[in-house]
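Enquirer: Can you keep this structure in mind? I'll have questions shortly.
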Amino acid sequence: MKVKIALSMGLLVMILVAARPGLAHHSFSLFDMTKDVAYKGIVLEYKWVNPHVHMILQVDADSGDPSTAGTWDIEGASTNIMARQGWTRASFKAGEKVTVVAHPLKDGSKGASMFYVILPDGQRLYQDIARPKADQQ
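Residue numbers for the sequence shown follow this note's numbering, so the first one is -9 and each next one is one higher.
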């Protein structure tokens, strides 16, 4: 009986230890979710991969806000979530000009959490169901 209890407790501990990284994965605490920053630039790379889509964006100093100049890693949602919003693995190609509205990293490094992308024709692609109040209809 004591052996069964010990094995059960050991199994429970292993399950909890294994689940811990999964619980922490979806934290947005690294990003300043109160700021929406527009990054106007050229897509260097578009990675349609799980667990998160990534867009590598080159922003030139003359693109508006000089503080956004540089190469940025913009993190999107999972491919599943983004596909439900109309995104595909072919949504962007290297060399395309876009504006990405995103929440910057709190530490000031060149990374951000994607909110939406504005295409040259003005169309917006949202990475999630969240929309700015002006776009909710």
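Even for Gly, the Cβ is constructed at its ideal location relative to N, Cα and C.
Rounded to the nearest angstrom, how far is the Cβ of Ile64 from that of Val90, given a contact under 8 Å?
Expert: As a working note, residue 64 is residue 74 in the sequence shown. As a working note, residue 90 is residue 100 in the sequence shown. The Cβ separation is near 5 Å, so the contact holds.
Enquirer: The alpha helix (DSSP H) that contains Arg74, what's its start and end?
Expert: Walking along the sequence shown from the start, residue 74 turns up at place 84. Its alpha helix (DSSP H) spans residues Thr69 to Arg74.
Enquirer: For a quick check, are the C-beta atoms of Gln48 and Gly31 less than 8 Å apart?
Expert: Numbered from its first residue, the sequence shown carries residue 48 at position 58. Numbered from its first residue, the sequence shown carries residue 31 at position 41. Yes, the pair counts as a contact, with Cβ atoms nearer than the cut-off.
Enquirer: Where does Arg10 sit, in a helix, a strand or coil, going by DSSP?
Expert: Within the sequence shown, the letter at position 20 stands for residue 10. Low local confidence applies: a pLDDT of 46 at Arg10 is under 50, so the model's placement there is unreliable, and no value is given.
Enquirer: DSSP beta-bridge partners for Thr182?
Expert: Since the first and last residues shown for the chain are -9 and 127, residue 182 lies out of range.
Enquirer: Given that a residue counts as buried once 16 or more other Cβ atoms are within 10 Å of its Cβ, and exposed if not, what is Arg104?
Expert: Here the question's residue 104 lines up with position 114 in the sequence shown. In the sequence on display, residue 104 carries Met and not Arg. Met104 is buried by the Cβ-count criterion.
Enquirer: How would you label Phe18, buried or exposed, when you count the other beta carbons within 10 angstroms and need 16 or more for buried?
Expert: One-based indexing of the sequence shown puts residue 18 at position 28. Counting Cβ neighbours within 10 Å, Phe18 comes out exposed, since fewer than 16 surround it.
Enquirer: Let me know the secondary structure DSSP gives Trp62 once reduced to three states.
Expert: Taking the sequence shown and counting its residues from 1, the one referred to as residue 62 is at position 72. It is a strand residue.
Enquirer: What's the C-alpha gap between Ala80 and Thr61?
Expert: Residue 80 sits at position 90 when you count from the first residue of the sequence shown. Residue 61 sits at position 71 when you count from the first residue of the sequence shown. Distance between the alpha carbons of Ala80 and Thr61 is about 21 Å.
Enquirer: Considering only residues of the same chain and omitting the five flanking positions on each side of Leu20, which have a CB-CB separation below 7 Å?
Expert: By one-based count along the sequence shown, residue 20 stands at place 30. For Leu20, where only same-chain residues beyond five positions count, the Cβ hits under 7 Å are Leu95 and Lys96.
Enquirer: Taking the beta strand (DSSP E) that Leu115 falls in, what are its first and last residues?
Expert: Residue mapping note: residue 115 aligns to position 125 of the sequence shown, counting from 1. Arg114 to Tyr116 is the extent of the beta strand (DSSP E) around Leu115.
Enquirer: In this structure, what does DSSP give as the bridge partners for Phe82?
Expert: Within the sequence shown, numbered from 1, the residue matching residue 82 stands at position 92. Answer by DSSP bridge pairing: none, since Phe82 is not bridged.
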